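Visitor: Residues 12 to 155 in my numbering are what the sequence shown spells out, letter by letter.
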Amino acid sequence: GSGIHPDLISLNYIHLEGDVPYSYLFISPDVPRKNAGRVREGFLKQYRHVEAGGWWVSGLDPQNNWEPMEWGRFKSAAPRFNYDKQKGQQTEKLVKYESPPKTPNRVTYHRMSLGLWQLVSQRYNVPMPDNIIACDDGHAIGFW
12 GSGIHPDLIS
22 LNYIHLEGDV
32 PYSYLFISPD
42 VPRKNAGRVR
52 EGFLKQYRHV
62 EAGGWWVSGL
72 DPQNNWEPME
82 WGRFKSAAPR
92 FNYDKQKGQQ
102 TEKLVKYESP
112 PKTPNRVTYH
122 RMSLGLWQLV
132 SQRYNVPMPD
142 NIIACDDGHA
152 IGFW
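(1) Below 8 Å CB to CB, which residues in the same chain sit around H60 once its five sequence neighbours on both sides are set aside?
(2) R49: buried (16+ other C-beta within 10 angstroms of its C-beta) or exposed?
(3) State the beta-bridge partners of Y135 as determined by DSSP.
(4) Are the CB atoms of L22 and H150 within a distance shorter than 9 Å?
(5) Which whole-angstrom value describes the C-beta separation of M139 and W128, a residue pair presumed to lie in contact below a C-beta threshold of 8 Å?
(6) Pull up the DSSP beta-bridge partners for W67, would you.
(7) Any idea what DSSP makes of N93, helix, strand or coil?
(8) Would you grab the beta carbon distance between T119 and V68 for me? Rounded to a whole angstrom, and I think it's under 8 Å.
(9) Just verifying my parser: in three-state terms, what is the DSSP assignment at H60?
(10) What residue from V137, G64, P43 and N76 has the CA that sits closest to F54's CA?
(11) Just grab the DSSP bridge partners of D72 for me.
(12) Shortest alpha-carbon distance to I20 belongs to which of N136, K104, R51 and H121?
(13) With E28 and E62 assumed to form a contact (beta carbons below 8 Å), what rounded beta-carbon distance in angstroms separates them?
What follows is the structure in structure tokens.
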């Protein structure tokens, strides 16, 4: 089983499959597209494995007033092998986590539940703030 706390999963992870992962991964305007906007076939072929499904994780964006972040990572159920451009061949190393191509990597600031916040507070002896607002989905605002 997963070592990820169920609260983190419910607040930050979703299952994607079919062609849905493409809309999460291909967020950069630099992804090569045809005139009609469709991603070029050669580029799409490199990511075809994501159609088998997997999970997507994203969090909150400190550069956008802690709103949900568009950038995230996808862990495919059928990961692809890495490609060595210098050797011009596939390696034996799997790419376990796909980030949106042609975008800089970002840090993931997970949405946190009140229960997880309390666990962190107790473990590191950091006092909890007063008047924490908890959303209907369980996200406690202000952890970060």
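Every residue, glycine too, gets a C-beta built ideally from N, C-alpha and C.
The model shown is predicted, which means the values in this text are computed figures rather than measured ones.
Guide: Well, looking at it:
(1) Answer for H60: S87, A89, P90 and R91, listed in chain order.
(2) Per the 10 Å Cβ criterion, exposed.
(3) DSSP output for Y135 lists no bridge partner at all.
(4) Yes.
(5) 7 Å between Cβ atoms; contact.
(6) According to DSSP, which records beta bridges pairwise, W67 is partnered with I25 and F85.
(7) Collapsing the DSSP output to three states places N93 in a strand.
(8) The beta-carbon separation of T119 and V68, rounded to 6 Å, stays under the 8 Å limit for a contact.
(9) Shown here, H60 sits in a helix according to DSSP, grouped into three states.
(10) Considering only V137, G64, P43 and N76, the residue with the shortest C-alpha distance to F54 is P43.
(11) DSSP, once it has assigned bridges, lists E78 as partnering D72.
(12) It is H121 whose Cα lies nearest to the Cα of I20.
(13) Contact annotation, E28 with E62: C-beta distance approximately 7 Å; criterion of less than 8 Å satisfied.
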